[in-house]
């Protein structure tokens, strides 16, 4: 299983609501890049975040071990800067080895959660 | 990052509910094409909107600067004509340079919002 | 715009809830194949519906004119047989000319609607 | 219809909520891989499940007859081990013959259900 995926992925949609009706980590409004590294080698990701009206920020660096998945919340990114809330953004994820990326948002601005998900775009 | 994406994208689903339970811009029912221009050159988009029972309308012209994302709401298109509410439509987006397009609807006909999202179809 | 899309599309997910909390056509639980024929020629679709435990049914025949979109509800298919409710199914859509297909469900079993959407799989 | 699809599919997102507000099978929180085998031969699937912090589990073995669809719930997998609840996972599905795979979650942690769906990633 060492060749599943691609090395560059893009996610045009990004938006983290500042508001949640729950403080339970599972139910706090969040956006995630779900990453699968099915291969035999650890990978170092480089993530760039793009905005509507200012320069991109990054790269954020994240490690995904071999034969592991990481459901990375954009909410948790800190270095070089947190991802602002209530702000449109987009992202590009580069990896040393082939990975697969799926984008998910859990939105709990309402008492009832809402979900969206799609594969990211495999650029290379 | 100058080559991420494609130059023609299609979104077969389109439907803007006329009704929303909120007047907050973030929560008004809307459909968006989230566009990432990760490259080094500004792009001019040409958007055609297709209907079930009449000729297509467009092109709508929209600019996305280099290294920026635009979360374009179909609700906001005005020229040559607003996109009608409560009406099935589809769209094709052409760009001078490679971009990535993701389609999202936030539906707030109910007091509780509902979300859908998918990558658009990369035609070329 | 005569070459946007593919001629065979597959949608593995299919499920029409028999229950809806609304009788408004817009809000009745439904599954749709949103089809864009951006080209210059009318197309005749042939749709096969697959089940878990019996032979496929079809072809259903549907026409989509040139430069039009059709948001086809599986609920509305009648000939050769209606699509059963509360039953897992899948579908394959064949077209004479290139089209683009997106799959959407509006689920109103609850008082609050829920939505899902994804591009169909372009087989050819 | 013997060649629709691919033989390896990846789903990076996986999460089965332990909580549901309904005990009706249709409305219990679940994750499904909706699989279409439109071809003429039965296929034997091999499913590997990946985690964030331990070795993958599998292969789970599942059969899909020719010209049938299977909406497989990860909740129902038992051998070699149930898929843990409230835990991030990912999956890779291998098939003897071409299939198409779509990923769906129905989340009923709230009284009102929420849905997500996307095509899986066709690796080969």
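Chains as they are written, first to last, in this note's numbering: chain A, 25 to 148; chain B, 25 to 148; chain C, 25 to 148; chain D, 25 to 148. Cβ coordinates follow ideal geometry from the N, Cα and C atoms, glycine included. Since the structure is predicted, the reported quantities are computational estimates derived from the model, not experimental observations.
For residue i, collect the residues of the same chain with a Cβ closer than 7 Å to its Cβ; drop the 5 residues on either side in sequence, then sort them by chain order.
| i | result |
| --- | --- |
| residue 92 of chain A | 61 |
| residue 124 of chain A | 28, 29, 60 |
| residue 146 of chain B | 30, 33 |
| residue 80 of chain B | 72, 73, 74 |
Please classify residue i as buried or exposed, where buried requires at least 16 other C-beta atoms within 10 Å of its C-beta.
| i | result |
| --- | --- |
| residue 154 of chain A | Residue coverage of chain A in this structure runs from 25 to 148, which leaves residue 154 of chain A outside it and unanswerable. |
| residue 105 of chain C | exposed |
| residue 36 of chain D | buried |
| residue 53 of chain B | buried |
| residue 159 of chain C | Residue 159 of chain C falls outside the range modelled here, since chain C spans only 25 to 148, and no answer is possible. |
| residue 100 of chain A | exposed |
| residue 55 of chain D | buried |
| residue 148 of chain D | exposed |
| residue 78 of chain B | exposed |
| residue 48 of chain B | exposed |
| residue 87 of chain B | exposed |
| residue 85 of chain D | exposed |
Note down, in chain order, each residue of its chain lying with its Cβ closer than 6 Å to the Cβ of residue i, except the 5 sequence neighbours on either side.
| i | result |
| --- | --- |
| residue 121 of chain C | 63, 65, 67 |
| residue 132 of chain A | 44, 45, 46, 51, 53 |
| residue 155 of chain A | The structure shown does not extend to residue 155 of chain A, since chain A is modelled only from 25 through 148, so no value can be given for it. |
| residue 135 of chain D | 45 |
| residue 111 of chain A | none |
| residue 129 of chain C | 55, 140 |
Who are the Cβ neighbours of residue i in its own chain at under 8 Å, not counting the five residues just before and after it?
| i | result |
| --- | --- |
| residue 82 of chain A | 70, 71, 72, 73, 104 |
| residue 31 of chain B | 118, 119, 120, 121, 122, 123, 148 |
| residue 89 of chain C | 61, 66 |
| residue 144 of chain A | 33, 34, 35, 57, 117, 125, 126, 127 |
| residue 38 of chain B | 55, 73, 98, 107, 112, 113, 114, 115 |
Give the C-beta separation of residue i and residue j to the nearest angstrom, bearing in mind that I take them to be a contact with Cβ-Cβ under 8 Å.
| i | j | result |
| --- | --- | --- |
| residue 138 of chain C | residue 138 of chain B | 5 Å |
| residue 40 of chain D | residue 109 of chain D | 5 Å |
| residue 58 of chain C | residue 114 of chain B | 7 Å |
Please identify the residue among the options whose C-alpha is closest to the C-alpha of residue i.
| i | options | result |
| --- | --- | --- |
| residue 97 of chain B | B/80, B/127, B/111 | B/127 |
Measuring only from the beta carbon, is residue i closer than 7 Å to any heavy atom that is part of the ligand HEM?
| i | result |
| --- | --- |
| residue 69 of chain D | This structure lacks the ligand HEM, and indeed carries no ligand of any kind. |
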